Amino acid sequence: MAKYRKALPQLSGGVFLSDGGIETTMIFHEGLDLPHFAAFHLLKDQKGEAALRKYFRTYAALARDYQVGFILEAPTWRA
2 MAKYRKALPQ LSGGVFLSDG GIETTMIFHE GLDLPHFAAF HLLKDQKGEA ALRKYFRTYA
62 ALARDYQVGF ILEAPTWRA
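Have a look at this one:
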């Protein structure tokens, strides 16, 4: 059994921020094409990687400003 499975930070009762829909943001706010609504395509070039960095940095800054934890989503759930 994994050593920390029962001691995950998000199970401690604290407040955590999660992002708000990476695919929707990339398509409708950033104007990027995501075939089959799959964000992993963004990892294929520098423009996509830059969009991902911008997306996650926005949420990370909010978590920092409000002093809460941040749970990152992976852009690979359809991969």
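Going by this note's numbering, the first residue of the sequence shown is number 2, and it counts up by one from there. Built from N, CA and C at the ideal position, the CB exists for glycine as well. The structure displayed is predicted, hence computed values, not measured ones.
Under a three-way DSSP split, which group does residue i fall into?
{"i": "G70", "result": "strand"}
{"i": "E31", "result": "coil"}
{"i": "L9", "result": "coil"}
In the DSSP assignment, find the unbroken beta strand (DSSP E) run with residue i in it and report its ends.
{"i": "F17", "result": "F17 to S19"}
Give the single residue among the options whose Cα lies nearest to the Cα of residue i.
{"i": "R54", "options": "D66, M27 and A39", "result": "M27"}
{"i": "I72", "options": "L35, R6 and D20", "result": "D20"}
{"i": "F17", "options": "G49, Q68 and A75", "result": "Q68"}
Could you tell me the alpha carbon to alpha carbon distance between residue i and residue j, rounded to whole angstroms?
{"i": "S13", "j": "E24", "result": "29 Å"}
{"i": "L63", "j": "L44", "result": "24 Å"}
{"i": "W78", "j": "Q47", "result": "20 Å"}
{"i": "T59", "j": "D66", "result": "11 Å"}
{"i": "F57", "j": "H42", "result": "16 Å"}
{"i": "L9", "j": "A39", "result": "28 Å"}
{"i": "A51", "j": "E31", "result": "11 Å"}
{"i": "G22", "j": "G15", "result": "22 Å"}
{"i": "K4", "j": "F29", "result": "41 Å"}
{"i": "H37", "j": "E74", "result": "18 Å"}
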